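Residue numbers (the working numbering): 34 to 376.
Just below is one structure, and these are the notes that go with it.
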Amino acid sequence: MSEQPELRRDPITGRWVLIAPARARRPIALTGHAPHARTNGERFPCPFCAGQEADTPDEVFAYREAGSQPNGPGWSLRIVPNMYPAVQVEPAEFVAISAVSVLESAPAVGYAEVLIDCPQHIDNPTQLSNQQFRDVFRAYRERMQALAADSRLAHVAVFKNVGAEAGASLGHSHSQLISTPIVPELLRKELTGAEEYHRRRGHCVYCNMLERELADGVRVVARSEHFVALTAFAPRFAYELWVLPVGHQPRYEAISDGEALELAVLLKRVLRSLDDCQHLPAYNWFLHTTPLREGEPPYYHWHLELTPRTSRPAGFEWGFGCHITTIAPEVAAEQLRAALPPS
Ligand SMILES: [Zn+2]
Ligand SMILES: [Zn+2]
Ligand SMILES: [Zn+2]
């Protein structure tokens with residue numbers, strides 16, 4: 034792999050990033066620079082563990098044993114409102130977003146929820162059973178479908194923070210859902226970029242990219258019948274991963290229970306490999322899918338993006354949106370493939 038820095042453009046959003054392997058050798062003089070750290074020094078009792086149900090708001094969804102009572106034991110997965118929500122279900126007054134002045138604003142109406150993956154205190158998603166992992170993906174689907182019934186909402190963001198550096202405040206494996214009356218910027222950028230590509234070329238950019246990636250193979254980390262995991266061509270972080278359905282599918286909600294299990298098994302293997310290669314990095318994953326009211330566009334293709342905190346964004350990244358990565362995605366994919374546990 035060449036040491037020449039390279040500029041790469043993400044084919045969907047047009048975001049430019051830099052791959053600069055030589056930067057990996059820069060001298061580090063400050064302690065505490067390592068961005069990886071997962072949670073340590075946790076406090077107990079953990080409010081997400083079985084038996085602590087009284088420490089969370091009342092559940093809005095759960096997978097439970099037949100006959101067990103809501104907000105008591107007997108659950109395998111629970112969804113509860115976030116105790117510290119960024120959005121509110123009932124704002125004082127709901128007003129549609131309007132541009133009456135140069136400073137546009139609207140009440141942050143929506144639901145902020147926490148999806149607790151399992152009753153046991155598991156802090157690494159790879160320790161979830163295949164069934165538990167599958168149920169996380171099933172519950173994403175169920176909750177997105179349920180929230181779509183609230184006509185005020187335009188979008189449901191689903192994401193996971195693993196480790197303090199990635200923004201998690203509790204170690205117990207969990208995901209979050211934040212629904213909003215607007216479509217967040219990065220997703221809108223992807224939708225616009227993908228629509229523009231489709232208008233010019235007559236194809237879904239993700240389908241075209243997958244065709245090319247599967248033919249090249251250099252960034253493919255693992256694949257199953259319906260899904261493929263790749264290192265991103267133009268990553269923001271070293272080891273950034275994208276997981277996509279191989280066939281064109283605009284909406285995540287269309288995932289079947291069988292596909293949810295397949296996705297869980299694939300992602301678990303890839304996460305084990307990532308944990309191994311990068312010594313338990315903190316990471317986020319997030320789901321990008323067509324917004325609630327935008328049908329089934331031929332140009333958009335749902336996917337999961339995973340950003341390990343392999344570096345700490347600084348002035349160039351925050352100020353100008355141009356990320357510098359020291360490990361080329363082709364090199365990262367090779368390492369990840371070599372560390373994959375057997376399927
Ligand atoms: Zn716990
Ligand atoms: Zn597609
Ligand atoms: Zn995306």
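Note that the Cβ used here is the ideal one computed from N, Cα and C, for glycine as well.
Here the structure is a predicted model, which means the values were calculated and not measured.
Close Cβ partners of P283 (< 7 angstroms) along its chain, the five nearest in sequence each way excluded
T323, E329, P330, Y333, H334, W335
Three-state secondary structure assigned by DSSP to P278
strand
Count the CB pairs spanning the segment 103-110 and the segment 163-173 that are closer than 8 angstroms, and state whether there are at least three.
yes
Does DSSP put R252 in a helix, in a strand, or in coil?
coil
Ranges of the alpha helix (DSSP H) found wholly within the segment 200-246, counting only runs of at least 4
218-234
Using the DSSP secondary-structure output, state which residues sit across from L263 in a beta bridge.
V253, W275
Per-residue burial, D88 [other beta carbons within 10 Å of its own, 16 or more giving buried]:
exposed
Using only the heavy atoms of ligand 2, determine whether one of them is closer than 7 angstroms to the beta carbon of C240.
yes
Roughly how many angstroms lie between the CA atoms of V189 and P60, to the nearest whole one?
42 angstroms
Say whether the segment 45-53 touches the segment 347-362, bearing in mind that this needs 3 or more beta-carbon pairs closer than 8 angstroms, one atom from each stretch.
yes
Chain C contact for E295 (CB, 8 angstroms cutoff):
In summary, chain C is missing from the structure at hand, where a single protein chain is found.
Through-space distance from L161 to V195, alpha-carbon basis:
14 angstroms
Using the Cβ count rule (16 or more neighbours within 10 Å means buried), how would you classify R342?
buried
Return yes when the Cβ of N115 is within less than 8 angstroms of the Cβ of E146, no when it is not.
yes
Look up W108 in the DSSP assignment and give the residues it is bridged to.
R97
Report yes if the C-beta distance between S208 and L148 is below 8 angstroms; otherwise report no.
yes
Simplified DSSP state of Y285, which is helix, strand or coil:
helix
Tell me whether L40 is buried or exposed, calling it buried when 16 or more other Cβ atoms sit within 10 Å of its Cβ.
exposed
A119 versus L210, P158, D150, residue with shortest Cα-Cα distance:
L210
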